[in-house]
DNA sequence: AACTAGTATAAATAATCGTTTATATAAATA
DNA sequence: TATTTATATAAACGATTATTTATACTAGTT
């Protein structure tokens, strides 16, 4: 078996939808199949990967399995992203500067 | 051909390494092959996807192609992550509470 | 005890993707 | 003009992965 890193885990749209569901509230496998309109085995296989990557926890309730979110493994992604945050802020800053300049020019032309 | 969303783009380790390189400084294809130890066609094919997703820009310089980073498409990922940030902060908070309690108990035992 | 509900897993498949090899293009150099 | 340098791309291959189908297991329910 292959160890999945967190980036490939969240690359899958259905898995992100599962996480988004669990962010709102804990849910059983059946809950998730109904909310997302995916087959039970598919949900289960995604949940397995999410479990192995530490993003979800399971708690047994009779036949049911109640899944809940543990977002902490996402901090790694957040750390990686934070290096880039400065960059796109530069972009936004430059855009704002540009708009300010435009505004100033417009004003000057009106005088 | 298939449209790649930003999550699958950054799921690939080599592509993240390319982005990390470009974060430090602009680079030609050759620069990247030497820095990352990957074949030229492989670098080029990764760069193509990065270009298509808007994460990099190209500028021609004779035969060379100078690639530079545009981090702004990553804001989408950042927005998605921000929903989860509150969650893992809860975890950290609980951990801190726990440690504080431990400390307090230790102190009380020493008195 | 038979049946139903909820879930996991194994096998099979189809599609996708990373990687290599080979080739084409375009600009610079000799 | 022939050669070299830098890059892109197409074809081929192997590996991985998402998804379906079928099945097994476990805990209630009748």
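Chains as they are written, first to last, in this note's numbering: chain U, 664 to 774; chain B, 664 to 774.
C-beta atoms are modelled at their ideal positions from N, C-alpha and C, and glycine is treated no differently.
- Between residue 674/U and residue 673/B, the C-beta spacing is below 9 Å.
- Under the Cβ criterion of 9 Å, residue 690/U is not counted among the residues facing chain B.
- Using a 10 angstroms sphere on the CB of residue 711/U, the tally of other CB atoms stays under 16, which defines it as exposed.
- Taking all protein chains in view, the Cβ of residue 734/U is crowded by 16 or more other Cβ atoms within 10 Å, so the residue is classified as buried.
- Taking a Cβ-Cβ cut-off of 7 Å, the neighbours of residue 737/U in chain B comprise 744, 747, 751, given in sequence order.
- Under the rule that a run must span 4 or more residues, the alpha helix (DSSP H) segments found entirely inside the stretch 693 to 755 of chain B read 703 to 715.
- Of all C-beta pairs linking the stretch 709 to 725 of chain B to the stretch 712 to 723 of chain U, fewer than three are shorter than 8 Å, placing the two stretches out of contact.
- With its beta carbon less than 9 Å from one in chain B, residue 679/U belongs to the interface.
- Residue pairing by DSSP places residue 690/U opposite 730/U in a beta bridge.
- Residue environment for residue 678/B: buried (at least 16 other C-beta atoms within 10 angstroms of its C-beta).
- In summary, residue 705/B is exposed, with fewer than 16 beta-carbon neighbours lying within 10 Å of its beta-carbon over all protein chains present.
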